[in-house]
Every structure is written in structure tokens, then in C-alpha cells.
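**Q** Provided herewith is a single structure, encoded as C-alpha cells, for subsequent inquiry.
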């Protein structure tokens, strides 16, 4: 079985992609050579690269064929791991690129969030083969319907039906309006947010298939200025609808942990400040380049790690909390990659033979100098019923060097709340049991006990 990390893509007729340790390599098919070279040498593409909106390219043009060499984004994520605001940011970049492309004589032939990755809080277009020369007579954006399926409809369904963005893992090319239409009430079908992206396409589906020739003729005009203006107007309308859907996307989100830092009575201001200061000192001492924050919550400790100079991947399973954390990092423009993900139920590999996207654990594997597991162990132990030994084994897999772990004793109010009467199983577990589980995997370096009884541990990987 070929792994996703080295499997070549096969869906794009213009070329294939495979990943190496420090770069992504595109092999361009001969029939697409001319258009690809023209695009990557264009002032338009150079502007995108200089702004950081598109991945850079080195050209390897040899007798054996044309190859494009791209630097790898530090940590790849997928749309089903994004928050609504991340999907909105990717959508807005896609529409902005199409606006500029039209003026430069180019057009996106596809518009899917799978063509973008996040570099910290910013989306970046990584599939530059998506551009093709603009047809100056066509009033139709070829990727229009795909944009609606993959960007707009997921945001509408998030608000209307409470479907999480993570549901996009089940639909590589988005949700077809004809499939969603039967699930809606007439009131929903006729609402202004739903009628355009779902109801109208579903009702016209049979008509458009039986009148394909007439529809094709209606999308062409010999006046290039009229064509460009019409395309821009349609893109502006799409942008308004997308922003409206995303602005309401958090309305139905569960709020289990979003207010946790404000309501956590088991932490006093002294506890919190001592915890933060201990972590700051640890980061100064270790100077890690890459940090993984598991169960980041509102991201206070991710922010501290980023302020120390580290690039951070922050995992948060609660959707509203992850959404707020992304907005926070975007505002501060910090090198923090937010993933709406659960370490206890990690994202699987997907696609053909499970080789087109990597699983979360494969992407996390041994990539970090420091892993933060702050107030997480008792959740994994009591809610997920994962033994301490397995928790420590996973941490050993994820970190290349150090682990910071917060131990919550059985007397802690949160531990007692999660214990739910299972004292015989978990009521007597203590810090010594944790250290015994770490034996042979980690060496304890430092310990600090907070006034509330919780313990901070710095462990070094063996």
C-alpha cells in the first residue's frame, strides 16, 4: 500500500503531484506545458507569490520533462478540520484570485478548498495548475457550481441544519443541491440564503440537462468588456452570500468549552499566572521551533508558545472554541495553525485507497520539539477511557524532544465531576501511576505544583 505522503495525485489532467521531505514536486504533462510556463512567468502569478497568496515555484525544465518545485507548507490541514471562519477565509481568497485573474486574462478552472492550505492563520493557494487562459467570450465561470458546492453550501448547512464543517470529509467535490433539496422544508427552501445555492439549481437541474445546447449559447457574448463586468458582478454576489452564511454559521454551534476559562472555578488568578509563567520559563529554556498544543481551548498557551518564537499547531475539538481561537490568531497574525480536531478520534486518511490525504496522526508524527498536554490527561482517561500507558505512548510518538503535561489529581473538582461514581476504576490513580506509565518513554526533568493542587511536569523523551 502506498502512503499518502508519497502517493502521486492522478485527478488533474495537467499534471501529477508527489511530496518529498522538504518540497512538493509537480510533473507537468506535455499537453499542458505551454500554458503552465506562460502562467508561472506572468506578472499576475508573481504578484500572488509576493503577497503570499500562492505558493512559490522553481522550474526544473529538462529533456525528461517539466517539473515545478514548491516549498512545502509547514503543516497541511484539510477543509474538514477547519472552522467556519477558516472556510470563509479560503473562500474569499478564491474569489479574490478569480477577480484578479479575469483582469489578467486568466481564470480558475476549479474552485475547491482542497486547492488551499493554511500557513499559520492565512490560506495559500497551492494548486497553481488551477489557472487556465480566460475565454473572453464566455460569461460562465467554469468553477462557479463547484465553488457553491464546496464553499457556500457547507456554510449554509452549518447554520441551517447544524452540520459541522467536518462533514465535508464525506464529499470530495461538495454537496450537490439536488441531494440537499429533499432534506429541507419549504420554508427553508424559499429562504433567501437557501433559494439561490440549493433550491434554484435543484429545480433547474432537469431543465438544464434537456436544454444543454441552448444553455451553452446563452453563456457566450462577443463583447469582452461586457463579459468581464458580468463575471465580476457574479463574483461580488457570491462573496456577499458567502459572508452572510459564514456570519451566521456559529448560531447553532454547541458551546461546551468556549466559556471554560471564564467559568473554571478551580483556577484562581494566582493559579493561572503561575502556570503561564512556568510555561514561559520552560519555553525560554527549551527554545522549541515547533510546538503542538493538544486541547488548546481558547489558546492562551498556544499564544505564549508563538510569542516565544515557535510555530504552533493547536488542536481543539470544540467547534465554537476552535472558531474563536482562529479569529484570535488571525487578528494577532501569529504563526498558529488551528485544527478543529480530536486527538482521541483523529482525522483518518481519505480518498482513493486512503492515499489522497494523510491521517492526522501521520501528519503529527514526530514533527514537534515540544508537545503541550495541559489539563487533557484526565479527559482522555475518564471520558475516552484511554489508559495512562497508551496516552504516554502517543505523546512519545508525537514529540521529538519534550513533553509538558499537567496532572490533575483525583481531589480536583473537575476530576470529580468527570469521575461520575467510578471510584473503583479511577478514584485512586495518582501522580506516581503517571510517572510509572512514562517509565522507559520519558525522563522527568522538572515539577511544579500550583496552589490548586494541579501539577506541571516537564518530561524529556528517551
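Numbering (the working numbering), first residue to last: 526 to 987. Heads up, the beta-carbon is just placed ideally off N, CA and C, and yes, glycines get one too.
So which of 878, 815, 865, 571 has the shortest CA-CA distance to residue 885?
**A** If we check each option's Cα against that of residue 885, 865 comes out closest.
**Q** From the DSSP output, in three-state form, read off residue 972 for me.
**A** strand
**Q** Output the boundary residues of the alpha helix (DSSP H) element that contains residue 903.
**A** 902–907
**Q** Let me check understanding here. Comparing Cα to Cα, which of 605, 812, 611 lies closest to residue 872?
**A** 605
**Q** Beta carbon of residue 588, beta carbon of residue 631: below 8 Å?
**A** no
**Q** Got a sec? Which residues, its chain only, sit under 7 Å from residue 913 by beta carbon, not counting five neighbours each side?
**A** 906, 958, 959, 962
**Q** Can you tell me which of the three DSSP states residue 548 falls into?
**A** strand
**Q** Measure how close the beta-carbons of residue 601 and residue 548 come, nearest whole angstrom, since I'm counting them as under 8 Å.
**A** At roughly 13 Å, the Cβ-Cβ gap does not stay under 8 Å, so residue 601 and residue 548 are not in contact.
**Q** By Cβ distance, which residues of its chain are closer than 6 Å to residue 534, with the 5 residues on each side in sequence left out?
**A** Only 541, 542 meet the Cβ criterion.
**Q** Check residue 543 in the structure and name its three-state DSSP category.
**A** strand
**Q** Give the single residue among 664, 558, 966 whose Cα lies nearest to the Cα of residue 919.
**A** 966
**Q** Exposed or buried, residue 582, counting other C-beta atoms within 10 Å across all chains shown (16 or more means buried)?
**A** buried
**Q** Which residue wins for smallest C-alpha separation from residue 990, given the options 552, 804, 558, 841?
**A** The requested residue 990 does not occur in the structure, where the chain is confined to residues 526 to 987.
**Q** Got a sec, what are the start and stop residues for the alpha helix (DSSP H) residue 565 sits in?
**A** 558–565
**Q** In three-state DSSP terms, what is residue 980?
**A** strand
**Q** Taking the alpha carbon of residue 979 as the reference point, which residue from 763, 937, 836 has its own alpha carbon closest?
**A** When 763, 937, 836 are compared, the shortest CA-CA separation from residue 979 is found for 937.
**Q** Give the C-beta separation of residue 722 and residue 678 to the nearest angstrom, bearing in mind that I take them to be a contact with Cβ-Cβ under 8 Å.
**A** 6 Å
**Q** Tell me whether residue 539 is buried or exposed, calling it buried when 16 or more other Cβ atoms sit within 10 Å of its Cβ.
**A** buried
**Q** Nearest-angstrom Cα distance between residue 681 and residue 970?
**A** Looking at the two C-alpha atoms, the distance is approximately 50 Å.
**Q** Return the first residue and the last residue of the alpha helix (DSSP H) that residue 624 is part of.
**A** 609–629
**Q** Flag this pair as touching only if the segment 751–760 and the segment 660–667 have three or more C-beta atom pairs under 8 Å; answer yes or no.
**A** yes
**Q** Please give the ranges of any beta strand (DSSP E) in the segment 852–885, keeping only runs that are unbroken, at least 3 residues long and fully inside the region.
**A** 861–865
**Q** So for residue 596, helix, strand or coil by DSSP?
**A** strand
**Q** Output the boundary residues of the alpha helix (DSSP H) element that contains residue 932.
**A** Residue 932 -> not in any alpha helix (DSSP H); beta strand (DSSP E) instead, spanning 924–932.
**Q** Are three or more beta carbon pairs between the segment 879–894 and the segment 940–955 nearer than 8 Å?
**A** no
**Q** In whole angstroms, give me the CA-to-CA distance for residue 700 and residue 839.
**A** 28 Å
**Q** Considering residue 938, what are the terminal residues of the alpha helix (DSSP H) in which it resides?
**A** Where residue 938 is concerned, the enclosing alpha helix (DSSP H) stretches over 938–944.
**Q** If we ignore side chains and look at the alpha-carbon of each, how far apart do residue 794 and residue 727 end up?
**A** 55 Å
**Q** Taking a contact to mean a Cβ-Cβ separation below 8 Å, would you say residue 707 touches residue 851 in this structure?
**A** For the 8 Å CB-CB criterion, residue 707 and residue 851 do not form a contact.
**Q** Short check: CB of residue 578 to CB of residue 650, under 8 Å?
**A** yes
**Q** So, at 6 Å on beta carbons, what are the nonlocal neighbours of residue 904 in its own chain, with the 5 sequence-adjacent residues on each side left out?
**A** None.
**Q** Ends of the alpha helix (DSSP H) at residue 670?
**A** 669–672
**Q** For residue 668, is the classification buried or exposed, using 16 other Cβ atoms within 10 angstroms of its Cβ as the cut-off for buried?
**A** buried
**Q** State buried or exposed for residue 933, treating a residue as buried only when at least 16 other CB atoms are found within 10 Å of its CB.
**A** buried
**Q** Can you give the Cα-Cα distance for residue 784 and residue 849, rounded to whole angstroms?
**A** Only weak support is given to the placement of residue 784: the predicted model assigns it a pLDDT of 48, under 50, and the value that follows is read from those uncertain coordinates. Straight-line Cα distance between these residues: approximately 11 Å.
**Q** Under 7 Å Cβ to Cβ from residue 968, same chain only, skipping five residues before and after it: list those, please.
**A** Non-local C-beta neighbours of residue 968 in its own chain, meaning closer than 7 Å and more than five positions away in sequence, comprise 984, 985, 987, ordered along the chain.
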